[in-house]
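In what follows, a single structure is set out as structure tokens and then discussed.
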Amino acid sequence: MKPILIEQPESEAASQSVGAVELPPNLLHHKHLLFNRELSWLEFNRRVLEEALDETQPLLERLKFLAIFSTNLDEFFMIRVSGLKEELEEEIHEPSPDGMTPAEQLKQISEQLRPMVAAQMRCLTQEILPALETEGISVTPYKELTTEEQQALDTYFMENVFPVLTPQAVDPGHPFPYISNLSLNLGLMIEPAEAAGEDDAEHLSDELRFARVKIPPLVSRLVPVGDTDKKFTLLGDVVAANIDELFPGMRSSGSYLFRVTRDADIEIREDEAGDLLRMVEQQLRKRRFGDAVRLEVSDEMPPEMVASLTKSLDLTDDDVYRIEGPLNVPDFMRLYGLESPELKDKPLQTSVPAPLAQGQNIFDVIRQQDILLHHPYTAYSTVVEFIQKAALDPDVLAIKICLYRAGQNSPIVPALIEASE
């Protein structure tokens, strides 16, 4: 291969310009010069994790980066990993531009990601949560709470959680249940109480079967403990402690959390879509039932149960991630909402462009002059006001906007809905 040459300019004047670069012919044929797209993305997410590992960051900011690391991974598996798996199923073995086949990419993803997930859990359980406890903010396991606190949580469970739970057991008349994407679940093996003696905890009868309980998504995963607003326990722990209430007349040897990630990619060919809106709606409904691509299980889950789940979800051992800590780190973002400014970055001081600071109609102002918005230094309320005014202005014929990751309480979405009506 001919080497890459950079010619240095001879004159001082020429030194201000970029030197000529001689690139090898057929650059894309030199695969060692190219980065793999998926592995490059993993390196990006590693940098997110490194922000969480940075001890100079405020505690709640570190927690936020741990949550972002997890949500990024969810999207990565739902879109990128699912795409590679689909290529394998369709027996597409063509390598990517860097020379890696889909199987090789999946293997590398698994090998590189596992140490990152382990580092994330160590950071959360050994650094951030203990440090938050010294600041008066605690997430305490149910088993470590006082009897009075446990009794109060049991009452909370019966009144607020029990009514919305639907336990599902697998037997010849009830096949393995559908596990929704990114849902948090408890798995357990149950059998009739009379099938084993009271002193025979290890006894396994022929009537032993798998059962699943979905942790309700609409109930806060961090349950307040006592009267303070800075002590919590995990909802999964509360449900597990009261699991017998869901299976009267049955017994189990323990329950274990697991989480499934499914293919959520959408492929729409606009040139073949007669009704684009209808096709998008169909694809959105369809992706709820995408193939499983990842199984996360609590580290304590018995190997037999892991193997059963893996087989039922049509996954392989490489798709299983044992987690030594909480399975859904974004649940901890509730702590970020606490009034603890000393544990967060100082709020950025934003400004409103001078021509708009007097409260004039934004359309009158931009008719007179252009306005440059530079975020995050310019207050985003300027954009929100612009959209809201446009939605109500009868002279506005159309609003063209691309929304990406709109917040749950975004004021822009209601404004667009109002404009459409």
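The sequence shown begins at 285 in the working numbering and counts up one residue at a time.
Beta carbons are placed, not taken as given, at the ideal position from N, Cα and C, and that holds for glycine.
Bear in mind the structure is a predicted one, so any value in this text is a computation, not a measurement.
Close beta carbons around residue i, own chain, < 7 Å, minus the five adjacent residues each side
i	result
PRO639	VAL649, GLN653, ILE655
GLY510	GLU433
ASN444	VAL503
LEU344	LEU619, TYR620, SER624, LEU627, LYS628
ASP583	ARG606, ILE607, GLU608
PRO476	GLU491, GLY533, MET534
CYS742	This structure cannot settle anything about residue 742, because the visible part of the chain is limited to 285 through 705.
LEU326	ILE393, GLN396, LEU397
PHE670	ILE646
HIS659	none
VAL590	VAL581, VAL604
Spatial neighbours of residue i in its chain, beta-carbon cut-off 8 Å, leaving aside the 5 residues before and after
i	result
TYR661	LEU632, THR634, SER635
ILE376	PRO386
GLN389	ASN320, GLU322, LEU323, LEU368, SER380
ASP602	LEU390, LYS391, SER394
VAL697	LEU687, ALA690
ASP358	LEU466, THR545
PRO461	GLN452, VAL454, ARG496
ASN329	PHE353, ASN356, LEU357, PHE360, MET400
VAL448	PRO500, LEU502, VAL503
THR600	THR594
LEU657	PRO637, THR666, VAL667
Residue i, buried or exposed, once every other Cβ within 10 Å from all chains shown has been counted against 16
i	result
ALA298	Any reading at ALA298 must be qualified, since the residue scores a pLDDT of 46, below 50, and its modelled position is unreliable; no value is offered.
PRO610	buried
SER366	buried
ILE701	exposed
VAL544	buried
PRO672	First, the residue type needs correcting, since residue 672 is Gln and not Pro in the sequence shown. So GLN672 ends up on the buried side.
MET442	exposed
SER694	exposed
GLY520	buried
SER464	exposed
ARG505	buried
SER704	exposed
LYS515	buried
ASP559	exposed
THR340	exposed
VAL564	exposed
ALA485	Because the pLDDT at ALA485 is just 46, under 50, the model does not fix this residue reliably, and the value given afterwards should be weighed accordingly. Exposed, by the Cβ-count rule.
ALA682	exposed
LEU579	buried
ARG346	buried
In DSSP terms, what residue i is bridged to
i	result
HIS458	ASP455
ALA576	ARG546
THR662	SER635
VAL604	LEU579
VAL423	PHE516
ASN469	LYS498, PHE542
LEU474	The sequence as given places Ile at residue 474; Leu does not occur at that position. Paired residues: ARG493, SER536.
PRO508	PHE516
CA nearest to the CA of residue i, picked from the options
i	options	result
ILE474	GLU626, GLN452, PRO459, ASN465	GLN452
GLY383	LEU317, ALA591, ASP521	LEU317
PHE531	VAL497, PHE360, ASN356, ASP338	VAL497
PHE542	SER694, LEU416, PRO587	PRO587
PRO456	THR600, TRP325, ARG493	ARG493
ALA495	SER592, LEU568, ILE683	SER592
ALA663	GLN672, ALA641, ILE683	ALA641
THR512	ILE646, HIS658, LEU676, ILE421	ILE421
ILE527	THR450, ILE550, GLU378	THR450
PHE446	VAL507, PHE328, ILE499, SER354	ILE499
PRO399	ALA682, GLN566, ALA548, GLU334	GLU334
PRO459	PRO342, ILE550, GLU478, SER596	SER596
THR439	PRO508, GLU374, GLU478	PRO508
ASP225	ILE550, LEU622, LEU561, HIS659	Residue coverage of the chain in this structure runs from 285 to 705, which leaves residue 225 outside it and unanswerable.
ASP348	GLU374, GLU478, GLN566, MET617	One point to set straight first is that residue 348 is Lys, not Asp, in the sequence displayed. Nearest option by C-alpha distance: MET617.
GLY786	SER665, PHE573, GLU529	Outside the shown range of the chain, which is 285 to 705, sits residue 786, and nothing can be said about it.
Rounded Cβ spacing between residue i and residue j (contact assumed at less than 8 Å)
i	j	result
VAL604	VAL577	Between VAL577 and VAL604 the Cβ distance is about 11 Å, and since that is not below 8 Å, they are no contact.
VAL680	ALA674	5 Å
ALA403	LEU472	With 8 Å as the limit, ALA403 and LEU472 do not qualify as a contact, their Cβ atoms being about 30 Å apart.
LEU413	VAL423	6 Å
TYR540	LEU468	Actually they are not in contact, since the Cβ atoms of TYR540 and LEU468 sit about 12 Å apart, beyond 8 Å.
TYR426	LEU437	7 Å
MET362	ASP547	7 Å
THR517	LEU372	Going by Cβ atoms, the distance from THR517 to LEU372 rounds to 41 Å, so no, they are not a contact pair.
PRO614	THR355	6 Å
Residues near residue i in its chain [Cβ-Cβ closer than 6 Å; skip 5 each side]
i	result
ASN612	LEU468
ALA525	TYR426
GLN585	A quick correction: the sequence has Met, not Gln, at residue 585. TYR540, listed in sequence order.
PRO501	none
ALA699	ILE671, GLN672, ALA675
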